[in-house]
Amino acid sequence: FGDLVTMAWWDDLWLNEGFASWMQVKATRELHPEWPAWAARAARKQHAMDIDARRGTHAVIMHIDDASQTEGAFDTITYSKGEQVVRTLESWMGEDAFRAGVRRYIARHAYGNTVTDDLWRALDEHAARPVRAIARDLTLQPGVPLVVEHEARCAGGRTEATLSQDQFTVEGAHGGRWHVPVTLAVLGGGRASVVVDGPVPRRVVVPGCGLLVVNAGQSSYLRVRHSDAGLAALTAQFARLDVDDQLGLLSDTQALALAGKLDIGALARLMRQAAAAADPSVTRMLVGQLTDLDGLHDGLASQPAFRAFARALLEPVFARVGWQPAAGEPDAVATLRAELVEALGGFDEPAVAAEAARRFKRFLADPASLQADLRGAVLAVVARRADAATWDTLHGLARAAPTPLAKAELYQLLGRVRDRALARRALALAISGEPPATVAGELLRRIGATHPGPTLDFVARHWARVEPLFGAGAAATRLPPFSTGAHKRYARVSSPSTFSACGLSMVPRRRSWLSPR
Numbered sequence: 003f004g005d006l007v008t009m010a011w012w013d014d015l016w017l018n019e020g021f022a023s024w025m026q027v028k029a030t031r032e033l034h035p036e037w038p039a040w041a042a043r044a045a046r047k048q049h050a051m052d053i054d055a056r057r058g059t060h061a062v063i064m065h066i067d068d069a070s071q072t073e074g075a076f077d078t079i080t081y082s083k084g085e086q087v088v089r090t091l092e093s094w095m096g097e098d099a100f101r102a103g104v105r106r107y108i109a110r111h112a113y114g115n116t117v118t119d120d121l122w123r124a125l126d127e128h129a130a131r132p133v134r135a136i137a138r139d140l141t142l143q144p145g146v147p148l149v150v151e152h153e154a155r156c157a158g159g160r161t162e163a164t165l166s167q168d169q170f171t172v173e174g175a176h177g178g179r180w181h182v183p184v185t186l187a188v189l190g191g192g193r194a195s196v197v198v199d200g201p202v203p204r205r206v207v208v209p210g211c212g213l214l215v216v217n218a219g220q221s222s223y224l225r226v227r228h229s230d231a232g233l234a235a236l237t238a239q240f241a242r243l244d245v246d247d248q249l250g251l252l253s254d255t256q257a258l259a260l261a262g263k264l265d266i267g268a269l270a271r272l273m274r275q276a277a278a279a280a281d282p283s284v285t286r287m288l289v290g291q292l293t294d295l296d297g298l299h300d301g302l303a304s305q306p307a308f309r310a311f312a313r314a315l316l317e318p319v320f321a322r323v324g325w326q327p328a329a330g331e332p333d334a335v336a337t338l339r340a341e342l343v344e345a346l347g348g349f350d351e352p353a354v355a356a357e358a359a360r361r362f363k364r365f366l367a368d369p370a371s372l373q374a375d376l377r378g379a380v381l382a383v384v385a386r387r388a389d390a391a392t393w394d395t396l397h398g399l400a401r402a403a404p405t406p407l408a409k410a411e412l413y414q415l416l417g418r419v420r421d422r423a424l425a426r427r428a429l430a431l432a433i434s435g436e437p438p439a440t441v442a443g444e445l446l447r448r449i450g451a452t453h454p455g456p457t458l459d460f461v462a463r464h465w466a467r468v469e470p471l472f473g474a475g476a477a478a479t480r481l482p483p484f485s486t487g488a489h490k491r492y493a494r495v496s497s498p499s500t501f502s503a504c505g506l507s508m509v510p511r512r513r514s515w516l517s518p519r
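For the sequence shown, position 72 (counting from the first letter as 1) is numbered 74 according to the working numbering, and the numbering increases by one without interruption.
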């Protein structure tokens, strides 16, 4: 995919990149079946869906008129949604049938050029479950399918579920319609798979009675809206779900709640259950969700109360994990420990903040005293809470860093600071010529993620010096203030001239894009 068989034109870039992304997981699962390969990709899948739920998204197969437009195709939709489309098709067909179809495609087109329909033809030959309709819908239409569970009831030792298909969107209905394969499973019972197409309810029968999971295994690219009764039952028995389904339920519930399609209390109740989960992958997703929600409270009177809620969920988890690694603990726990330290520091947990400051002080006297897997988290907590003296200390460390990697890490820390006056110093530093160009660009990105409004205004005033740090035309796509995340914190724009100063246009009706949810 890319070399032996090459796409005929950039429209089909996903044939290379989507398959490459999917093959990373495929090979990992083959070599290390004990690793939670798809669970590790859950955040990437959710990021793709977040983008795909907005008006600015595009189809996986994206029409490209000339080569100058190609940079826009190297994005999350091409890579991460493309990967999930391949996963959806393999799951529906079965591994053996899918592999046979891919081999036909490769053999038939070796040392040649193809379009995506060539792959669909090869997959559908001899297939018990053809994929053309499913595949074309997922690659030619932008957007996220939504499968709605209307009801599920037990009858004669079987679960009868009623499903329909809609579109998940955060900016109004798009009218999308897909053929989407869905697997349903009854815990302790059987499984059933069906293609759901359109708004007309479809009845599905699953052997056994009990807790019903829609999109079991999370192998299909879609969101699920369980019935109120179904969601309540899944929340109450969250610990019984497989890790992939725990991640999927958390992700779908958060997305629906933030889009106003589900009461936020349902998400809070699920988060309380997730905080007790045994698998580090689930806790890591919870940490990420709480951090995202904290960003929505920036500048609001509700933020202290939200941070108290977040601390109450994560403090018992951190008490189990602790600052010091246990003998023989899995690598995933070490990663989780660092994320908990950084998150709790961000949520103003006093004991974590104090311990991070103590370890930083020891680090200044003896850099080897700070264990490697906690270095980034401890420094991030210190940088976020830095006063002018601490910021100057970090700046001195960045200037004196002996390697490019250490220098890049330390300069980026300067952009994490909460204090706006120090953030302005970091912005000025980014275009001063002191940090290398690539490091300066990453410093701007870091400041923009924390202070999108001031960063956007600064970039507009200094566009001629900012743009070269990213490459012509690239800054507007790589800086957070221009991204889909900016609407979370930046509620006002002085005028459309802020955008035009950066070579961008802003349609008046889209001003709501920068309004808080």
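Backbone N, C-alpha and C fix where the C-beta goes; we use that ideal spot for every residue, glycine too. Given the structure is predicted, the values throughout are model-derived calculations rather than measurements.
No residue range can be given for residue 3, since it is assigned to no beta strand (DSSP E) and is classified by DSSP as neither H nor E. Taking C-alpha positions only, residue 284 is separated from residue 110 by approximately 42 Å. Residue pairing for residue 162: DSSP places it in a beta bridge opposite 155 and 207.
In the DSSP assignment, residue 360 falls outside any beta strand (DSSP E) and within the unbroken alpha helix (DSSP H) covering 352-367. Secondary structure of residue 169 (DSSP, three-state): strand. DSSP places residue 179 outside any beta strand (DSSP E), giving it a letter other than H or E. In the same chain as residue 80, and ignoring 5 residues on each side of it, the C-beta atoms closer than 7 Å to its own belong to 15, 16, 19, 20 and 62, in chain order. Between residue 335 and residue 281, the CB-CB gap reaches or exceeds 7 Å. Here residue 366 is exposed: its Cβ has fewer than 16 other Cβ atoms, across all protein chains shown, within 10 Å. Separation of residue 92 and residue 128 (C-alpha to C-alpha, rounded to the nearest whole angstrom) is 15 Å. Boundaries of the alpha helix (DSSP H) around residue 237: 230-238.
When only Cα atoms are considered, residue 456 and residue 426 end up about 8 Å apart.
Taking a C-beta distance under 7 Å as the contact criterion, residue 259 and residue 269 qualify as a contact pair. Spatial neighbours of residue 57 in its own chain (CB-CB distance under 6 Å, excluding positions within 5 residues in sequence) are listed in chain order as 173. Secondary structure of residue 115 (DSSP, three-state): strand. The beta carbon of residue 107 is closer than 6 Å to those of 121 and 124 in its chain, skipping five residues each way along the sequence. About 6 Å separates the CB atoms of residue 247 and residue 218; that is less than 8 Å, so the two are in contact.
Straight across, the Cα-Cα distance linking residue 311 with residue 274 is about 10 Å. In the structure shown, the three-state DSSP call for residue 227 is strand.
With the rule of 3 Cβ pairs closer than 8 Å, the segment 64-76 does not count as touching the segment 190-207. Annotation: residue 75 to residue 143 spans about 15 Å, alpha carbon to alpha carbon. The beta-bridge partner set that DSSP reports for residue 269 is empty.
Of the other Cβ atoms in all chains shown, fewer than 16 fall within 10 Å of the Cβ of residue 11; this residue is therefore exposed. Assigned with DSSP and collapsed to three states, residue 195 falls in strand. Non-local C-beta neighbours of residue 51 in its own chain, meaning closer than 6 Å and more than five positions away in sequence, comprise 146, ordered along the chain. Annotation for residue 85: 20, 23 and 24 place their beta carbon closer than 7 Å to its own, counting only its chain and skipping 5 residues before and after. Taken in chain order, the complete alpha helix (DSSP H) segments of 4 residues or longer contained in the segment 256-318 are 266-276 and 282-298.
For residue 381, the uninterrupted alpha helix (DSSP H) segment begins and ends at 374-386. Here residue 468 carries a helix assignment [DSSP, helix/strand/coil]. Judged by DSSP in its simplified three-state form, residue 147 adopts strand. When secondary structure is reduced to three states using DSSP, residue 10 falls in the coil class, being assigned neither helix nor strand. Comparing C-alpha distances from residue 183 to each of 131, 158, 157 and 210 shows the shortest one belongs to 131. Counted as a single uninterrupted DSSP element, the beta strand (DSSP E) harbouring residue 214 occupies residues 214-216. DSSP places residue 88 in the helix class (H, G or I) of the three-state scheme. Scanning the segment 385-461 for uninterrupted alpha helix (DSSP H) segments of 4 residues or longer gives 390-402, 406-415, 422-432 and 439-452, listed from N- to C-terminal end. Under DSSP, residue 186 takes part in a beta bridge, and its partners are 194 and 216.
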